[in-house]
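Student: Structure below; questions to follow.
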Amino acid sequence: MISAYWLEILTMAGIMSIAALGLYAIKATGQLSAGHAAFMGLGGYASGVVTGKLGLPFFLSFVVAVALVLVVATAFAYMTSRLRFFYQAVGTLAFGETLVLVMYNVPYFGGASGLQPIPLQTTFTLVYVILGLSIYFFIRFEHSRLGQAFRCVWEDDTVAASMGIDVTKTRILSFTMGSAFAALAGVLYAHFLGIIEPKDLDFLRSLTLLIFVAFGGLETHWGALFGTYVLTLLPEVARFSVYDRYTIYGALIVVTMVFRPKGLLTRKPLGAPDGPIARVGMPLLRVLAAVLPVGRRAAKAKARAERP
Amino acid sequence: MLIFAQQVINGLMAGSAYSLLGLGFTLIFGILNVINIAHPEVFMVGAFLGWMLVTYANANLLVAIVGATIGASIVGVLIERIAIRPVRSALVLSPFISTAGVSIFLQQGAARVFSPEPQPYPPSMATVFHDVGGLQFSTMQVISLAVGAALMIGLKLFVDRTWLGRAIRATAMDRETASLMGVNVNTVVALTLVIASALAAVAGVLVSVAYNSTWAFMGITYGLKGMAVMVVGGVGSLEGAMAAGLILGVAEALTVGYISSSYRDGIAFIILTFILLLRPSGLFGQRERQR
Numbered sequence: 001m002i003s004a005y006w007l008e009i010l011t012m013a014g015i016m017s018i019a020a021l022g023l024y025a026i027k028a029t030g031q032l033s034a035g036h037a038a039f040m041g042l043g044g045y046a047s048g049v050v051t052g053k054l055g056l057p058f059f060l061s062f063v064v065a066v067a068l069v070l071v072v073a074t075a076f077a078y079m080t081s082r083l084r085f086f087y088q089a090v091g092t093l094a095f096g097e098t099l100v101l102v103m104y105n106v107p108y109f110g111g112a113s114g115l116q117p118i119p120l121q122t123t124f125t126l127v128y129v130i131l132g133l134s135i136y137f138f139i140r141f142e143h144s145r146l147g148q149a150f151r152c153v154w155e156d157d158t159v160a161a162s163m164g165i166d167v168t169k170t171r172i173l174s175f176t177m178g179s180a181f182a183a184l185a186g187v188l189y190a191h192f193l194g195i196i197e198p199k200d201l202d203f204l205r206s207l208t209l210l211i212f213v214a215f216g217g218l219e220t221h222w223g224a225l226f227g228t229y230v231l232t233l234l235p236e237v238a239r240f241s242v243y244d245r246y247t248i249y250g251a252l253i254v255v256t257m258v259f260r261p262k263g264l265l266t267r268k269p270l271g272a273p274d275g276p277i278a279r280v281g282m283p284l285l286r287v288l289a290a291v292l293p294v295g296r297r298a299a300k301a302k303a304r305a306e307r308p
Numbered sequence: 309m310l311i312f313a314q315q316v317i318n319g320l321m322a323g324s325a326y327s328l329l330g331l332g333f334t335l336i337f338g339i340l341n342v343i344n345i346a347h348p349e350v351f352m353v354g355a356f357l358g359w360m361l362v363t364y365a366n367a368n369l370l371v372a373i374v375g376a377t378i379g380a381s382i383v384g385v386l387i388e389r390i391a392i393r394p395v396r397s398a399l400v401l402s403p404f405i406s407t408a409g410v411s412i413f414l415q416q417g418a419a420r421v422f423s424p425e426p427q428p429y430p431p432s433m434a435t436v437f438h439d440v441g442g443l444q445f446s447t448m449q450v451i452s453l454a455v456g457a458a459l460m461i462g463l464k465l466f467v468d469r470t471w472l473g474r475a476i477r478a479t480a481m482d483r484e485t486a487s488l489m490g491v492n493v494n495t496v497v498a499l500t501l502v503i504a505s506a507l508a509a510v511a512g513v514l515v516s517v518a519y520n521s522t523w524a525f526m527g528i529t530y531g532l533k534g535m536a537v538m539v540v541g542g543v544g545s546l547e548g549a550m551a552a553g554l555i556l557g558v559a560e561a562l563t564v565g566y567i568s569s570s571y572r573d574g575i576a577f578i579i580l581t582f583i584l585l586l587r588p589s590g591l592f593g594q595r596e597r598q599r
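In structure tokens:
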């Protein structure tokens, strides 16, 4: 049987992967949210108020939190729908940090010491049931009309528009959908720890989620899951001192991004050979070719020969 | 009135650091079209280099600043070579994440090498306060403001009047065309990184001396504000970043003086939100092409 310690870590990883799946949904239309943790935290605070402050049942907090985040995220996405990439990142960042400020300064939400106590209702089973349902949702969603539309908007929004997809609406929908998953994760998070603090909403937390998704693979929902688990479990497995551990973590992210800019798991390009050898062997060969001096010298010689 | 003047002075001093950081972000974004999340860590590295020079080598402020500038410039150029250049052509998100990795690496590395606690300066660097007609200000405040102003004016003249500056502007406008016109784009990129890192390092040393604390995680808040300054000023606009940094500093100081110090760190984002909603191109920016 797994020890209580690992049970706790696995539960946390499950919660984080629900949030990461949500971030993937936002990214699926080519958007960038640097305030995903803020939506997660908003859900957490809302549910904390429902169960902790008002003493209402747990399931009701899901309804309230998701509904609130849906409304806020739709309004936010609508207002910022003109902003692209970098500007959107800064906009979501500003939203998150403003929310942090609100939570710090409103005494009802507990200020700097956070909203507590929140009843501990989240169990391992509950997290994994919700995670399983979410994964099922994403598997089905990928092949749905809307899922295809998401992907088309990401690949090329001009083409998407010319095929009759309402690009703005699709973007807003994807942002809202992703934020709703964040709210789910936030509810589980607050009821797992029994407390939710303003710093759970800040940019660093959002950046961590972005790193999970980008590390695992930007192109599929499996990437988000994979990245979350690897990066959550790795620091637990690698037994160094805290600072060594995270120095290595940082270096690992840089190396991964340099060698696999789309993350570890990628989609198979159209027409590329399939099967385990092609999926695992080819990337390995490519890494070997980059590392081994033999291939590199040959490539240089080839480049020299081709020069006029 | 006296309180107001006092807060404006405090604000301008803090604001010059925001301006210097925001300028770095704007320069890097202008040239590389990449937001360098690790830029605030260059600021932190600069602060630590200055702190080491003062603590272990008994250097004076000038030597500390020059040393920090040189060291941080090397770090800045290395960041571009290692974490930005190889991923630039990939997705928009990739350089964002790889520089975030660098940022984590440098933060945790600094916490590991030095200490996770803020480090004070030796007493020789203690700030001296002056009192002129009821207004309190320290020597460091005057130095910060003077150095900040000199650097900003110098940078503006450099970019506008010299041929290297023209090369920077050309590369910012269109990389390929600039390269066709004989501009060595790689040199320009390195030069830009050196300038941006130098500005950050100077800001780092000045801030850490003024607050008497050098901290492995000092880059975080300053970095977020630097990013806000870049956008509020208008991305790619040097005057914008300068003005926005000073405005932000004064706004923060006035918030502390008249409302509450707990709102200090949020004011940047409130300004940022309004700017993004009302005028996304920033105070001084030109209307951007859709990217």
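Heads up: the sequence lines are chains A and B, in that order.
Using our numbering, the first residue of the first sequence is number 1, and each one after it goes up by one.
Using our numbering, the first residue of the second sequence is number 309, and each one after it goes up by one.
We treat Cβ as the ideally placed atom computed from N, Cα and C, and that holds for glycine.
So, with DSSP's three-state summary, where would you put His438 (chain B)?
Tutor: As a first step, residue 438 (chain B) is located in the second sequence; it is residue number 130 there, counting from the start. Strand, per DSSP.
Student: Please tell me whether Gly330 (chain B) and Val558 (chain B) are closer than 8 Å, where the distance is taken between their beta carbons.
Tutor: For the purposes of this step, residue 330 (chain B) is taken as residue 22 along the second sequence, with counting starting at 1. For the purposes of this step, residue 558 (chain B) is taken as residue 250 along the second sequence, with counting starting at 1. No, these two residues do not count as a Cβ contact at 8 Å.
Student: For a contact defined as C-beta to C-beta under 8 Å, what are the partners of Tyr571 (chain B) on chain A?
Tutor: What you label residue 571 (chain B) is simply residue 263 of the second sequence in a count that begins at 1. What Tyr571 (chain B) touches in chain A: Leu101 and Asn105.
Student: Does chain B have any CB closer than 8 Å to the CB of Val90 (chain A)?
Tutor: Along the first sequence, one-based indexing puts residue 90 (chain A) at 90. Closer than 8 Å to some Cβ of chain B, the Cβ of Val90 (chain A) qualifies, so yes.
Student: Would you decide whether Phe39 (chain A) is buried or exposed? Buried here means 16 or more other CB atoms lie within 10 Å of its CB.
Tutor: Counting from 1 along the first sequence, the entry for residue 39 (chain A) is found at position 39. Flag for Phe39 (chain A) reads buried.
Student: So, for Lys533 (chain B): in the same chain, excluding its five sequence neighbours on each side, which residues have a beta-carbon less than 6 Å away from its beta-carbon?
Tutor: Within the second sequence, residue 533 (chain B) is the residue found at index 225, counting from 1. Tyr326 and Ala576.
Student: Helix, strand or coil for Ser144 (chain A), going by three-state DSSP, please let me know.
Tutor: Residue 144 (chain A) sits at position 144 when you count from the first residue of the first sequence. It is coil, neither helix nor strand.
Student: Note down, in chain order, all residues in the segment 138 to 166 of chain A with a beta-carbon under 9 Å from any beta-carbon belonging to chain B.
Tutor: Within the segment 138 to 166 of chain A, no residue qualifies.
Student: Determine the extent of the beta strand (DSSP E) in which Gln444 (chain B) is found, giving its start and end residues.
Tutor: Translated into the one-based positions of the second sequence, residue 444 (chain B) becomes position 136. Counting along the chain, the beta strand (DSSP E) containing Gln444 (chain B) begins and ends at Leu443 to Ser446.
Student: Let's see if you can read the secondary structure: which residues bound the alpha helix (DSSP H) around Ala112 (chain A)?
Tutor: As a working note, residue 112 (chain A) is residue 112 in the first sequence. No alpha helix (DSSP H) contains Ala112 (chain A), which DSSP labels as neither H nor E.
Student: Buried or exposed: which applies to Phe437 (chain B), given that a residue is buried once 16 or more other Cβ atoms fall within 10 Å of its Cβ?
Tutor: On the second sequence, residue 437 (chain B) is found 129 positions in, with the first residue counted as 1. Phe437 (chain B) should be labelled exposed.
Student: What residues in its chain sit with their C-beta under 6 Å from that of Ile317 (chain A), if we drop five residues either side in the sequence?
Tutor: Lying before the first or after the last residue shown, residue 317 (chain A) is absent from chain A, which here runs from 1 to 308.
Student: Give a yes or no on whether the minimum CB-CB distance between Thr495 (chain B) and chain A is below 8 Å.
Tutor: Taking the second sequence and counting its residues from 1, the one referred to as residue 495 (chain B) is at position 187. Taking Cβ atoms only, chain A never reaches closer than 8 Å to Thr495 (chain B), which makes this a no.
Student: Using 10 angstroms around the beta-carbon of Glu560 (chain B), count the other beta-carbons present and answer buried if the total reaches 16, otherwise exposed.
Tutor: By 1-based counting over the second sequence, the position of residue 560 (chain B) is 252. The residue is buried, with at least 16 neighbouring Cβ atoms inside 10 Å.
Student: How many Å lie between Ser397 (chain B) and Leu265 (chain A) at the Cα?
Tutor: Within the second sequence, residue 397 (chain B) is the residue found at index 89, counting from 1. Within the first sequence, residue 265 (chain A) is the residue found at index 265, counting from 1. If you take the alpha carbons of Ser397 (chain B) and Leu265 (chain A), they lie about 19 Å apart.
Student: Can you check DSSP and say which residues form a bridge with Thr522 (chain B)?
Tutor: Walking along the second sequence from the start, residue 522 (chain B) turns up at place 214. The partner list for Thr522 (chain B) (beta bridge, DSSP) reads B:Gln427.
Student: Say whether chain A places a C-beta atom closer than 8 Å to the C-beta of Val410 (chain B).
Tutor: The residue labelled residue 410 (chain B) in the question sits at position 102 within the second sequence. Chain A, which has a Cβ nearer than 8 Å to the Cβ of Val410 (chain B), makes this yes.
Student: Would you mind working out which of A:Phe175, A:Lys27, A:Leu146 and A:Tyr136 sits nearest Val72 (chain A), comparing C-alpha positions?
Tutor: Here residue 72 (chain A) is taken as the residue at index 72 of the first sequence, counted from 1. Answer by Cα proximity: A:Phe175.
Student: Would you kindly check if the distance between the Cβ of Gly542 (chain B) and the Cβ of Gly574 (chain B) is under 8 Å?
Tutor: Walking along the second sequence from the start, residue 574 (chain B) turns up at place 266. Walking along the second sequence from the start, residue 542 (chain B) turns up at place 234. Cβ distance not < 8 Å, so Gly574 (chain B) and Gly542 (chain B) don't count as in contact.
Student: Which whole-angstrom value describes the C-beta separation of Phe466 (chain B) and Gly473 (chain B), a residue pair presumed to lie in contact below a C-beta threshold of 8 Å?
Tutor: Indexing the second sequence from 1 puts residue 466 (chain B) at position 158. Indexing the second sequence from 1 puts residue 473 (chain B) at position 165. So it is a contact: roughly 5 Å between Cβ atoms.
Student: In angstroms, rounded to a whole number, what distance separates the CA positions of Gly164 (chain A) and Gly147 (chain A)?
Tutor: Here residue 164 (chain A) is taken as the residue at index 164 of the first sequence, counted from 1. Here residue 147 (chain A) is taken as the residue at index 147 of the first sequence, counted from 1. About 15 Å.
Student: Between the Cα of Phe259 (chain A) and those of B:Pro394, B:Val374 and B:Gly375, spot the shortest distance and give me the residue it belongs to.
Tutor: Looking up residue 259 (chain A) in the first sequence gives position 259. Phe259 (chain A) has its Cα closest to that of B:Pro394, out of B:Pro394, B:Val374 and B:Gly375.
Student: Give me the subset of the segment 377 to 394 of chain B whose CB atoms are less than 8 Å from a CB atom of chain A, sorted by chain position.
Tutor: Correct list: Ile390, Ala391 and Pro394.
Student: Along the chain, which unbroken stretches of the alpha helix (DSSP H) at least 4 residues long are found entirely within the segment 123 to 185 of chain A?
Tutor: For the segment 123 to 185 of chain A, whole alpha helix (DSSP H) runs of length 4 or above, ordered along the chain, are 124 to 142, 145 to 155 and 157 to 162.
Student: Looking at Gly409 (chain B) and Ala380 (chain B), is the spacing between their C-beta atoms short of 8 Å?
Tutor: In the second sequence, the residue the question calls residue 380 (chain B) occupies position 72. In the second sequence, the residue the question calls residue 409 (chain B) occupies position 101. Contact flag unset, no.
Student: Among the candidates A:Ala185, A:Gly263 and A:Gly227, whose CA atom is the shortest distance from the CA of His36 (chain A)?
Tutor: As a working mapping, residue 36 (chain A) is identified with position 36 in the first sequence. It is A:Ala185 whose Cα lies nearest to the Cα of His36 (chain A).
Student: Please list, in chain order, the chain A residues whose beta carbon lies closer than 8 Å to that of Thr500 (chain B).
Tutor: Working through the second sequence from its first residue, we reach residue 500 (chain B) at position 192. Going along chain A, no residue has its Cβ under 8 Å from Thr500 (chain B), so there is no contact; the nearest lies around 18 Å.
Student: What does DSSP give as the partner residue(s) for Ile196 (chain A) in the beta ladder?
Tutor: Counting from 1 along the first sequence, the entry for residue 196 (chain A) is found at position 196. A:Leu115, per the DSSP bridge assignment.
Student: Measuring straight from C-alpha to C-alpha, what distance separates Phe124 (chain A) and Pro57 (chain A)?
Tutor: Position 124 of the first sequence holds residue 124 (chain A). Position 57 of the first sequence holds residue 57 (chain A). Whole-angstrom Cα-Cα distance: 19 Å.
Student: Does Val400 (chain B) have its Cβ less than 8 Å from a Cβ in chain A?
Tutor: For the purposes of this step, residue 400 (chain B) is taken as the residue at position 92 of the second sequence. Output row for Val400 (chain B): interface = yes.
Student: Please confirm whether Gly358 (chain B) and Ser516 (chain B) have their CB atoms less than 8 Å apart.
Tutor: As a first step, residue 358 (chain B) must be located in the second sequence, where it is residue number 50. As a first step, residue 516 (chain B) must be located in the second sequence, where it is residue number 208. Yes.
Student: For the alpha helix (DSSP H) that contains Arg205 (chain A), what are its first and last residues?
Tutor: As a working note, residue 205 (chain A) is residue 205 in the first sequence. Phe203 to Gly216 is the span of the alpha helix (DSSP H), which, as asked, contains Arg205 (chain A).
Student: Can you tell me which of A:Phe59, A:Gly43, A:Ala77 and A:Ser81 puts its alpha carbon nearest to the alpha carbon of Val69 (chain A)?
Tutor: Here the question's residue 69 (chain A) lines up with position 69 in the first sequence. With distances taken between Cα atoms, Val69 (chain A) lies closest to A:Gly43.
Student: Return the first residue and the last residue of the alpha helix (DSSP H) that Arg489 (chain B) is part of.
Tutor: Position 181 of the second sequence, counting from 1, holds the residue named residue 489 (chain B). Note that residue 489 (chain B) is Met in the sequence shown, not Arg. No alpha helix (DSSP H) contains Met489 (chain B), which DSSP labels as neither H nor E.
Student: Show which residues of chain A have a CB atom less than 7 Å away from the CB atom of Gln416 (chain B).
Tutor: Along the second sequence, read from residue 1 onward, the residue named residue 416 (chain B) stands at position 108. Residues of chain A passing the Cβ test: Tyr243, Tyr246, Thr247 and Gly250.
Student: Val564 (chain B) and Ala552 (chain B) - do their beta-carbons sit closer together than 8 Å?
Tutor: Position 244 of the second sequence, counting from 1, holds the residue named residue 552 (chain B). Position 256 of the second sequence, counting from 1, holds the residue named residue 564 (chain B). No. Outside cutoff.
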